[in-house]
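Same order as they appear, the protein sequences are chains A and B.
To get the working numbering, take the position in the first sequence, counting from 1, and add 1491.
To get the working numbering, take the position in the second sequence, counting from 1, and add 23.
See structure below.
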Amino acid sequence: MKRIEKARDGRTPQLAWRGPQPRRLTRRLTRFGSIDFDGPEAVTATCLHCADRPCVEFTADEVRAAVGIPLPFHPRRETCAFGALGWDAPTQLPTVDSEKCTGCGVCVRRCPVGAIRLGKGTVEVNTTAPPPHWHAAMTSEDFASSRDSLSAVQVFERSSGEADRLMEQIPTVLAALPRSQGDSRQVAAMVVRNALIGAGMPARAGNTGDTNRRIDVAFGQPGDVTFIVEVDLGAGENLGPIRRVLANYAIITNRERIPKNRLRAAVVTGEYPRTRTDAHEVFADVRKVLGLDIAILPVAYLLLLCAFGFDLAETDFTANMDDVSWGSRHQGVLAGVRQVLGEATPAMIEEHFIPGK
Amino acid sequence: MKRVHPKGEATAPRVPALPFVDFMVERGPWGVSTFVGADGHEVASTCLNCRGQYCRQFGPEVGVHGQLAVCPTNAFALTAAHDGVSLDVDRCFGCGLCVMRCPYGSLILGKNGYPELASPADSRFRPATEVELTTFSENLQIRVAPGAGAPEKSLAGLLENVAGTLGPQFYPLVVNLLRTLGLAATARPQGDVNNRADALIYDPTDSIPLEIKSPGETAEVDVKSVQQALENKVIMLSRRKEQYPTRRETTTLSVALKYPPPRSDVWQLIDDIWAAYGVNVGLLTIGDLYKMVWRKQVARQSPNLSRLREFRGAYT
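Below you can see the structure in the form of structure tokens.
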């Protein structure tokens, strides 16, 4: 209690967490986090009222991270592309609009302690009062430092059952797009950008007003290959994104003098294009004639990587992209996903990663 | 609903008696040509009863299968007696193609914008025998009047007629203008999913896919149609090379009513596509296409089609 009085006196707050030291944080997608402390206690993670509110918004640096090509960034910082997540100032708690929430799982990933979980069709925030020794009147710096020391030891547990829960949400995510406010293509680009940033990959969304750079999303590690992405979260049968990404590839290589070996093209789709559709053929035509291998990323893949806590900055995500890119070897898509997800590979994976007939 | 516009009484075919051997072209598609006799007297040109082989139907010279009617909407025919035009006025939109196709200048666009015979009957005409007819048309000396090579003013009216058309009218118009130039153009058969181009020009080495934007859809060539033109070329090279041989640098065409404004991003995108993929995207307006057809049909100048095969950006 001494520390609280200090803070109320307006003196320099204590920057270090002085309570029991957290030893291990376990997080799962559909359960709130569990924090083991030194000693016998284990508590359920609850909202720590973070001052920087990572669940609700990205930092300014995150939305304008360098992606390897000159592309104006979209300044929108909300992590929820659907506008379902708000912040209640009096209580310092995130609010979830269950009508708008699609359960895409980006905010689940963003909560540093695991106080948000994927419920049925929506996300839930654990707002129960913290245990007594996590006093509600701690300074925000205290929260930040306790959170950071938790993050350092966090462990994500993954299970295929949880992956299936997320897979079940994908149709909801896709169906919510046309109903979203504003341009649905912009919202779709936000879903993709937010999932990528959430998974630790520097990514930018293009700015809608920019007529000369109509790029939906670009991502890439500094010094690594940059991906330019067109997003169409339909059934993958639309040829528009293939055409646009071809044009954008030409624009970026020619006007910005980006070498072709530093640039790759990708299309994020809702589902894999079915084998008998024209889109399926056009990807193959482009590779055959122009020598350009356009990666196809189902949005489910990105959301899985994000919600399941993969840190793309530390994986060889882009180098392994061939495993999840298009081709006659589309069976390799499944293998690539299984390789990344391991035991957490969802049972429903075939529906999302294998082109139907 | 069919309405017939006969000019004069319906009688047996009347053609000029020989020896009208000279043919003076003074026409726009809506001006009257004149047959000049060896003895100096002149008559307005009239239908020479070639049985619609130019104004109504393409012959085997177009070299492709498919719809061979000249009229994009199938609205035009001659009356059985070849003394007038049988026209479905609900479908005719005044493209003027039948008028320009007539080698004898016998059709005009009337004041109401519909094609009609310039001069159906003349007291000095009598019905010609088959032999006379053949001899006559073979012996015609075509002279081109001064001023016939300046089509801009006359074509402005045609372009106005075309300005509101949609795909079902506009696509066959483009195809048939190209055929009139002597190109083996064909529209995409309905339901052909292997073929994304709206139309194709066959050539033994340089086939050209066409992306057509109908004026009722969008007036100018836009970024999207340039993207589609690139895709058309990719698909032709990938899937259709045996039926439609082509090279990568052969033009892939995008046809529309107008060129984009000078500051449009389209122009730079075309250069980007050339730099990145080595594909030439060419833009052609319906006005330029009309001019080429005009020069061939009216001014009797052989069209220079080699430029069409390899150009980038605007045709003019």
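Ideal Cβ placement from N, Cα and C applies to all residues, glycine included.
GLU65(B) sits in a strand when the DSSP states are folded into three classes. With its beta carbon at least 8 angstroms from every one in chain A, GLN80(B) lies outside the interface.
Taking a C-beta distance under 8 angstroms as the contact criterion, ASN199(B) and VAL93(B) qualify as a contact pair. For ASP1527(A), the secondary structure class from DSSP, reduced to helix, strand or coil, is strand.
In this structure ARG286(B) is exposed. Its beta-carbon is surrounded by fewer than 16 other beta-carbon atoms within 10 angstroms. With respect to chain A, the C-beta atom of LEU253(B) has a partner C-beta closer than 8 angstroms. Look at TYR300(B): its C-beta is under 8 angstroms from a C-beta on chain A.
Contact between THR1618(A) and CYS1538(A) holds: CB atoms are separated by about 5 angstroms, below the 8 angstroms threshold.
Judged by DSSP secondary structure, PRO1662(A) falls within the alpha helix (DSSP H) whose first and last residues are 1651-1667. Annotation: Cβ neighbours of LEU1781(A) in chain B (cutoff 7 angstroms, chain order): VAL257, TYR300.
Judged by DSSP secondary structure, VAL1758(A) falls outside any alpha helix (DSSP H) and instead within the beta strand (DSSP E) spanning 1754-1760. Within the region 1736-1759 of chain A, contact with chain B at the beta-carbon level (separation under 7 angstroms) is assigned to LEU1737, ALA1738, TYR1740, ALA1741, ILE1742, THR1744, ASN1745, ARG1746. Taking the Cα of ALA1679(A) as reference, the smallest distance to any Cα among GLU1721(A), PRO1581(A), ALA1643(A) is reached at GLU1721(A). Under the rule that a run must span 4 or more residues, the alpha helix (DSSP H) segments found entirely inside the region 1696-1784 of chain A read 1731-1746, 1769-1781.
Look at the region 121-140 of chain B: it has no residue with a C-beta under 7 angstroms from a C-beta of chain A. Between the region 1648-1660 of chain A and the region 1516-1523 of chain A there are three or more C-beta pairs closer than 8 angstroms, enough to call the two in contact.
By the beta-carbon neighbour count (other beta carbons within 10 angstroms, threshold 16), LYS264(B) is exposed. Under a criterion of Cβ atoms nearer than 7 angstroms, the residues of chain B adjacent to VAL1777(A) are, in order, VAL257. With its beta carbon less than 8 angstroms from one in chain B, LEU1730(A) belongs to the interface. At the C-beta level, VAL246(B) and MET123(B) stay beyond 8 angstroms of one another. Going by DSSP, PRO138(B) is part of the beta strand (DSSP E) stretching over 138-140.
Among the bridge pairs identified by DSSP, ALA208(B) is matched with ILE224(B). Chain B places a beta carbon closer than 8 angstroms to that of ARG1734(A), counting this residue as a contact. If you draw a straight line from the Cα of LEU280(B) to the Cα of ALA179(B), it comes to about 12 angstroms.
Under the criterion of beta carbons closer than 8 angstroms, LEU223(B) and PRO232(B) qualify as touching, at roughly 6 angstroms. The closest CA to that of VAL1534(A), considering only LEU1754(A), ASP1588(A), SER1525(A), THR1760(A), is found on SER1525(A).
Close CB contacts of CYS1595(A) within its chain, under the 7 angstroms cut and outside five residues either way in sequence, are with GLN1660, VAL1664, VAL1682, LEU1794 (chain order). DSSP links GLN1645(A) through a beta bridge to LEU1516(A).
The beta carbon of GLN1583(A) is closer than 6 angstroms to those of HIS1540 in its chain, skipping five residues each way along the sequence. DSSP places ASP1579(A) inside the beta strand (DSSP E), whose first and last residues are 1576-1579. In the structure shown, LYS281(B) adopts extended strand secondary structure according to DSSP, grouped into three states.
Annotation: the continuous alpha helix (DSSP H) that includes ALA1551(A) extends over 1551-1554. Listed as beta-bridge partners of PRO1585(A) by DSSP are TRP1578(A).
With distances taken between CA atoms, ASP1723(A) lies nearest to THR1760(A) out of THR1760(A), ALA1756(A), LYS1751(A).
Only residues of its own chain outside the window of five on either side were considered, and among them ALA1556, VAL1558 have a CB closer than 6 angstroms to the CB of PRO1693(A), listed in chain order.
Just so you know, the alpha carbons of THR241(B) and GLN90(B) end up roughly 25 angstroms apart.
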